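Everything on this sheet refers to the single structure shown next.
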Amino acid sequence: MLLGNNGSGKSTLLKILGGLLQPQAGEWSIEKPVGFVFQNPDHQLVMPTVGADVAFGLVDEHLPLAEIRHRVDDALAAINLLDLKRRPIYALSGGQKQRVALGRAMARNPQVFLMDEPLSNLDAKLRTETRTQIVNLQRKLGITTIYVTHDQTEAMTMGDRIAVMNAGQIQQVARPLELYNAPANRFVAEFIGSPPMNFIPVQVKAPLLIQHPQFRITLPEQWESSLKAYDGRSITLGIRPEHLSVSLPAPKNLPVQVERVEALGSETYLMVSLSEAADHPGISPPLQVRIEPDRTVTIGETLWLSLSPDKVHLFDTETGEAIISRAEPY
Numbered sequence: 014m015l016l017g018n019n020g021s022g023k024s025t026l027l028k029i030l031g032g033l034l035q036p037q038a039g040e041w042s043i044e045k046p047v048g049f050v051f052q053n054p055d056h057q058l059v060m061p062t063v064g065a066d067v068a069f070g071l072v073d074e075h076l077p078l079a080e081i082r083h084r085v086d087d088a089l090a091a092i093n094l095l096d097l098k099r100r101p102i103y104a105l106s107g108g109q110k111q112r113v114a115l116g117r118a119m120a121r122n123p124q125v126f127l128m129d130e131p132l133s134n135l136d137a138k139l140r141t142e143t144r145t146q147i148v149n150l151q152r153k154l155g156i157t158t159i160y161v162t163h164d165q166t167e168a169m170t171m172g173d174r175i176a177v178m179n180a181g182q183i184q185q186v187a188r189p190l191e192l193y194n195a196p197a198n199r200f201v202a203e204f205i206g207s208p209p210m211n212f213i214p215v216q217v218k219a220p221l222l223i224q225h226p227q228f229r230i231t232l233p234e235q236w237e238s239s240l241k242a243y244d245g246r247s248i249t250l251g252i253r254p255e256h257l258s259v260s261l262p263a264p265k266n267l268p269v270q271v272e273r274v275e276a277l278g279s280e281t282y283l284m285v286s287l288s289e290a291a292d293h294p295g296i297s298p299p300l301q302v303r304i305e306p307d308r309t310v311t312i313g314e315t316l317w318l319s320l321s322p323d324k325v326h327l328f329d330t331e332t333g334e335a336i337i338s339r340a341e342p343y
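So the sequence shown is residues 14 to 343, counted in this note's numbering.
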């Protein structure tokens, strides 16, 4: 999976891999034939019927007619559209059109699929259904697939490995849970996860002591060697919403005021502000916290939050890089 915001360069990279664009520098190679599936199937489907469109790319290969029919039927059967072989393209739903585009790419017997945001034009329900169909089909066929998306849910649920891109640069390549639990830098930490990770400016007071005007925590020993170079310096602490919990007043806990409550049924999220110290007003941005859905909380209420020291992420404030990188190299 290639994951990133709009304009991050992921589609450009995909087109370079597919030979549609030439890189300004460097080298690349894919020796195996590739099959493209684009964002808008209407730009890819040019023939009047489903069967004719799936067969379109095979005609240029000068294959025998019997071979073309065999490949078309196999591809349509794989995407569960064989009974719509003679259906006009204009009569198809958005999800069906995208499956035809996939079948057209499959019919050429590619060894690599390149998919450029194929679900972005579908509504939420159809997007979920088609996502499942693509995953099942990929696993059945065993075809290497490079899939571009800006949707982290697609990336986290579909991908075996994800490359996170920003401003034309790959930030990190890892398995989905590795990205979530061990982000290589602040961009990845903030981009992966919904709601995103919370960030709090803190100062290193001793190898394992982290201090904020309103709280202080002692970190596990694994941090000691990495934090020696930061003694007395400001860094950024990251903590995910589910790793904060309502607790009792204590020096290690965070005093906060509830600004908004979002009850979603199975879970509830709070938007809270860290209470300001008199000599450090406005030092921290709002935080998001996940709490039990049956807990009653009111706007304006003061709470104390505890955080799990073993779930803390620390980032260099200047570079944004993780102070301890628990990610695998790529």
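By construction, the Cβ of each residue, glycine as well, lies at the ideal position given by its N, Cα and C atoms. A quick note: this is a predicted structure, and the numbers were derived from the prediction, not measured.
Under a three-way DSSP split, which group does residue i fall into?
i	result
L15	strand
T311	coil
V177	strand
S238	helix
F328	strand
L27	helix
Just to confirm before moving on: does the CB-CB distance between residue i and residue j stay below 9 Å?
i	j	result
V125	I81	no
L115	L105	no
A202	P208	no
L132	T170	no
G321	H256	Checking the sequence, you will find Ser at residue 321 rather than Gly. Going by C-beta atoms, S321 is nearer than 9 Å to H256.
G251	F212	yes
G206	R253	yes
How many Å lie between residue i and residue j at the Cα?
i	j	result
V148	L240	42 Å
H326	M284	20 Å
F69	R174	32 Å
A91	R152	12 Å
G39	Q57	30 Å
V259	R100	58 Å
V59	H83	21 Å
P298	L26	35 Å
P262	V271	16 Å
L300	S286	6 Å
S279	L221	36 Å
L127	F49	5 Å
Validate contact between the segment 17-33 and the segment 64-77 using beta carbons, cut 8 Å, 3 pairs: With the rule of 3 Cβ pairs closer than 8 Å, the segment 17-33 does not count as touching the segment 64-77.
Complete beta strand (DSSP E) runs within the segment 105-174 (minimum length 3 residues, chain order): Runs of the beta strand (DSSP E) inside the segment 105-174: 125-129, 157-162.
Between the segment 112-124 and the segment 82-91, are three or more C-beta pairs nearer than 8 Å? Flag = yes, the segment 112-124 and the segment 82-91 touch.
Taking the runs of the beta strand (DSSP E) that are 3 residues or longer, which of them lie wholly in the segment 174-219? The segment 174-219 contains, as complete beta strand (DSSP E) runs of 3+ residues, the segments 175-179, 182-187, 211-219 (chain order).
For the 8 Å Cβ check, are there 3 or more pairs between the segment 223-238 and the segment 177-185? With contact defined as three or more Cβ pairs closer than 8 Å, the segment 223-238 and the segment 177-185 are not in contact.
Is there contact here, the segment 260-268 with the segment 243-250, by at least three beta-carbon pairs under 8 Å? By the C-beta criterion, the segment 260-268 is judged not to be in contact with the segment 243-250, since fewer than 3 inter-stretch pairs fall below 8 Å.
Enumerated in chain order, which unbroken segments of the beta strand (DSSP E) with a length of 3 residues or greater are wholly contained in the segment 224-286? Within the segment 224-286, the runs of beta strand (DSSP E) that reach at least 3 residues and sit entirely inside it are, in chain order, 228-231, 247-252, 257-260, 267-276.
What are the start and end residues of each continuous alpha helix (DSSP H) run of 4 or more residues lying completely inside the segment 29-104, in chain order? Counting only runs of 4 or more, we get 63-72, 78-91.
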